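For reference, the structure is listed below as structure tokens.
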Amino acid sequence: MEKSKYLIPLMAFLAVISFSAIASAESIGPFSSNVVQFSSDLEADKTVSVAVFDLGSDYRLDSVTVDIRYSASVDMKADNDDPDDTAAVNARMIRSFTVSGPGVFQAGSKTVSSGVVNLAVDDGDLTLVDPTPADGTDFGGSLSYSNLLAGSVSPAISNYIGTGMIDFTVDVLTMVNDLQFQGAAPDTWQLEVENPSLDVWVDVTYDYHAVPEPISLSLLALGGLVVIRRRR
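Start counting at 1 in the sequence shown, then tack on 76, and there's your number in our numbering.
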């Protein structure tokens, strides 16, 4: 009788510990692939490869999250070559793309503009692109943004279990680097574009839990039986 007094709480405790091991969940990732970079919308599609969930039979995959992130930048310089007319102008950068993969189709798009700059008439630099004020500008440096989230998707897990890699296709749709004149444009002007870029990442996160060992399942079952017997 004395042993039963301590055995029942002990087995119940072991059952709770075993159940906790079963219920505990973990997360791995994201698996960030090498960055996919574009410098022009004339480039062909590019592939991002990400490792599938492959932790063996000791773990079970619960869900998958695919995050699409992107960054972009460009350096632009303008020069007014009109000897008679001034100009008010801003630089503009447009980026758009799509990412497709197993259970995933996500689009990203963003337009960024500089502030308006007033350009004087040509100072005699002729055909050279001279960003020196008053008839030229570099718009204060690069137009850029970084680590923007295009979207987050939770696809079915069936295509993400196994061995090897999963491929995602990145298609750049638009890479515009241009000038927007406020009012009439001067008769002659020049634009220089340097270092245009679009970087796209596909981040995959796996949420999973450990499959309990047979001894844990046995303890859970035994603990349950002991508790039931005590109630009787």
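The C-beta atom is built at its ideal place from N, Cα and C for all residues, glycine as well.
Here the structure is a predicted model, which means the values were calculated and not measured.
If you run the structure through DSSP and keep just helix, strand and coil, what is S149? strand
message: Rounded to the nearest angstrom, what separates G200 and S220 at their Cα positions?
response: 31 Å
Check: How is N110 classed by DSSP in three states: helix, strand or coil?
Finding: coil
Q) What residue from P178, P209 and Y236 has the CA that sits closest to S139's CA? A) Y236
Checklist entry - Going by beta carbon distance, what residues of the same chain come within less than 6 Å of L224, once the five residues before and after it are set aside? => result Y146
Quick check: what's the CA-CA separation for G216 versus T264?
22 Å
What separation, rounded to the nearest whole angstrom, lies between the Cα atoms of W277 and D155? 35 Å
(Q) My assumption, with CB atoms under 8 Å, is that G105 sits in contact with Y282. Please give the rounded CB distance. (A) 5 Å
Straight-line gap, A260 to A148 (C-alpha atoms, nearest Å): 29 Å
### Whole-angstrom C-beta distance between V165 and V269, which should lie under 8 Å
No, V269 and V165 are not in contact; Cβ-Cβ is about 14 Å, not under 8 Å.
(request) Quick one: grab the DSSP three-state call for L298. (result) Caution is warranted here: a pLDDT of 47 is assigned to L298, below 50, making its placement in the model unreliable, and no coordinate value can be reported.
When you measure from the CB of D279 to every non-hydrogen atom of the ligand GTP, does any distance come out below 7 Å? Judged by which ligands are present, the structure shown has none, so any question about the ligand GTP falls away.
Ordered along the chain, which non-local residues of its own chain (more than five positions away) have a Cβ less than 7 Å from that of N253? V150, M152, M169, V269 and P272
Notebook entry, point to check: So, using beta-carbon positions, are T123 and D243 closer together than 8 Å?
Noted result: yes
Original post:
Should A238 go down as buried or exposed, given a rule of 16 or more other Cβ atoms within 10 Å for buried?
Top reply: Looking at the sequence provided, one finds Gly at residue 238 rather than Ala. G238 is exposed by the Cβ-count criterion.
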